[in-house]
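In UniProt numbering, the protein residues as written are 1 to 191.
Only one structure is covered here, and it is reproduced in the block below.
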């Protein structure tokens, strides 16, 4: 086994959900666990850092008002930029992500995530998705020059119901596929 397999890869997990309970955070955790399993299957160990953007909402507002980043915001940005891969989970209503998601990625600025492999997970408030939802969300990431993996995870209200077994199986399969894609992209990005 190569020495690269023994050194940990870093995975940043950005959760842009709010409220309690937070299904967006739960989705982010499921995805991160699947990515760690995929990395482990390839001989890599992952170090995971989870960033809850709702905790940074006041810092983001101050940043836009005063053009100064707090220590917490600077540390969050540094964690994302230093990662080998990124999981971004956000609630979506009417094809738009949460406001805190948009604010955080606006702070990151143009090109700062250049080439960063990203897995996008959407917690949708509706079972009926606008046809261009995934394109809109993918564009949000390519605007900062990140490289989203082909599969986008979309969880809808049925996925959170215990009785919706077929929907739950569909979501698990989608998460596993996207996680495998991110693990491969992270390995390539690191070399």
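Ideal Cβ positions, reconstructed from N, Cα and C, are used throughout, including at glycine.
Since this is a predicted model, take the numbers as computed values, not measurements.
Residue i versus residue j - alpha carbon distance
i	j	result
residue 197	residue 63	Residue 197 lies beyond the stretch modelled for the chain, which goes from 1 to 191, so this question has no answer here.
residue 36	residue 135	26 Å
residue 122	residue 91	6 Å
residue 104	residue 151	23 Å
residue 148	residue 74	23 Å
residue 137	residue 101	11 Å
residue 157	residue 146	28 Å
residue 23	residue 54	13 Å
residue 57	residue 8	30 Å
residue 72	residue 61	13 Å
residue 175	residue 132	20 Å
residue 76	residue 59	11 Å
residue 172	residue 39	17 Å
residue 188	residue 33	20 Å
residue 124	residue 93	6 Å
residue 99	residue 139	16 Å
residue 18	residue 97	12 Å
residue 142	residue 110	10 Å
residue 170	residue 42	24 Å
residue 153	residue 159	12 Å
CB of residue i within 9 Å of CB of residue j, strictly
i	j	result
residue 10	residue 83	yes
residue 25	residue 52	yes
residue 87	residue 144	no
residue 28	residue 89	yes
residue 185	residue 85	yes
residue 196	residue 49	Residue 196 is absent from the structure shown; the chain starts at 1 and stops at 191.
residue 44	residue 168	no
residue 108	residue 80	yes
Residue i, DSSP secondary structure in three states
i	result
residue 46	strand
residue 12	strand
residue 18	coil
residue 7	coil
residue 176	helix
Discussion item. Extract the residue ranges of the beta strand (DSSP E) inside the UniProt domain "NADPH-dependent FMN reductase-like" (20 to 160), only unbroken runs of 3 or more that lie entirely within it.
Written reply: Every beta strand (DSSP E) stretch that sits fully inside the UniProt domain "NADPH-dependent FMN reductase-like" (20 to 160) and reaches 3 residues is listed by chain position as 46 to 52, 85 to 93, 117 to 124 and 153 to 155.
Discussion item. Three Cβ pairs or more, each shorter than 8 Å: is that satisfied between the segment 109 to 123 and the segment 62 to 76?
Written reply: These segments do not touch.
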